[in-house]
Amino acid sequence: MVEYEPTWRAMQAFTDSRTAETSDEIWLVEHPPVYTQGQAGKPEHLLAATDIPVVQIDRGGQVTYHGPGQVVAYVLLDVRRLGIGVRELVRKLEQSVIDTLADYGIIAYGKVDAPGVYVHPELGEAKIASLGLRIRNGCCFHGLALNVNMDLTPFDWINPCGYAGMRVTQLADFVADATSAAIAGKLAEKITQQIKPLTE
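Heads up: the sequence shown begins at 1 in UniProt numbering, then just goes up one per residue.
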């Protein structure tokens with residue numbers, strides 16, 4: 001469990017200090033409860049005053065929640081070196097989550113107009129993973145967050161990613177023995193599988 005703000009600062013420092021030879025990295029973490037408000041974030045999407053801190057950050061997108069039981073994968077990639085556009089990178093990161101969930105028998109999908117990964121439980125569409133990136137000097141940081149086994153209540157106090165009424169779900173709603181540690185390792189493998197062909 002690592003605090004959000006020092007992790008964010010470390011991502012910025014890593015990205016700013018990169019050279020053409022710096023290896024790409026994936027950081028897998030869990031955070032204590034925190035709301036992060038992206039560059040497009042609007043105060044009205046915070047629906048209630050809570051004790052959960054709100055951090056204004058430099059990724060794209062609006063407000064989301066991070067907390068225990070959620071696997072966050074920060075992707076620190078030289079996208080210029082990979083020869084990949086932002087849209088394709090987003091699609092590949094979404095696919096890594098889709099492939100991870102498929103290993104547990106869960107059918108998931110991305111949406112062109114709303115980055116992230118979604119599932120269709122019995123009650124209708126729900127978001128299971130959020131995604132937001134920042135590109136600086138041809139390199140990206142931030143990444144994606146997959147809900148595994150967490151208290152989803154704090155999502156009720158925001159419009160997740162700026163969408164009023166968006167339902168949120170997690171892996172534990174589908175798989176009884178879901179653990180963050182197991183999912184983190186599998187997710188990292190899937191991200192690497194999506195990115196690796198670009199380096200060959």
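Beta carbons: idealized from backbone N, C-alpha and C, even for Gly.
Does the separation of the CB atoms of residue 73 and residue 26 fall below 8 Å? yes
With a CB to CB cut of under 8 Å and the five nearest residues on each side skipped, what residues in its chain are close to residue 125? 118, 119 and 167
Residue 22 beta carbon less than 8 Å from that of residue 141: no
Compare the Cα-Cα distances from residue 85 to each of 49, 189 and 138 and report the closest residue. 138
Distance check for residue 134 and residue 77, CA to CA, integer angstroms please. 11 Å
Beta-carbon separation (whole angstroms), residue 63 vs residue 41, contact threshold 8 Å: 5 Å
Contact belief for residue 2 with residue 31 at Cβ below 8 Å, rounded distance in angstroms: 7 Å
For residue 102, name the three-state secondary structure that DSSP assigns. helix
Beta strand (DSSP E) runs wholly inside the region 102 to 170, at least 3 long, in chain order: 117 to 119, 126 to 136 and 139 to 147
In three-state terms, what does DSSP make of residue 201? Because the chain in this structure spans residues 1 to 200, residue 201 falls outside the shown range and cannot be described.
Touching by the beta-carbon criterion (3+ pairs, under 8 Å), the region 107 to 115 and the region 41 to 51: no
Cut-off 7 Å between Cβ atoms - residues of its own chain near residue 52, not counting five sequence neighbours on either side: 33, 34, 35 and 154
Let me know if residue 169 comes out buried or exposed under the rule of 16 or more other beta-carbons within 10 Å of its beta-carbon. buried
Beta-carbon proximity of residue 180 to residue 147, cut-off 8 Å: no
What do you get for residue 17, buried or exposed, if any count of 16 or more other CB atoms within 10 angstroms of its CB means buried? exposed
Check for me: the beta strand (DSSP E) holding residue 72 runs from which residue to which? 70 to 78
Cβ-based burial, residue 20 [other Cβ within 10 Å; buried from 16]: exposed
Suppose you measure from the CA of residue 57 to the CA of residue 39; what does that come to, to the nearest Å? 7 Å
Would you say residue 196 faces chain C, with C-beta separation under 8 Å as the test? The chain labelled as chain C is not found in the depicted structure, where only one protein chain is given.
Grouping DSSP H, G and I as helix and E and B as strand, with all else coil, what is residue 31? coil
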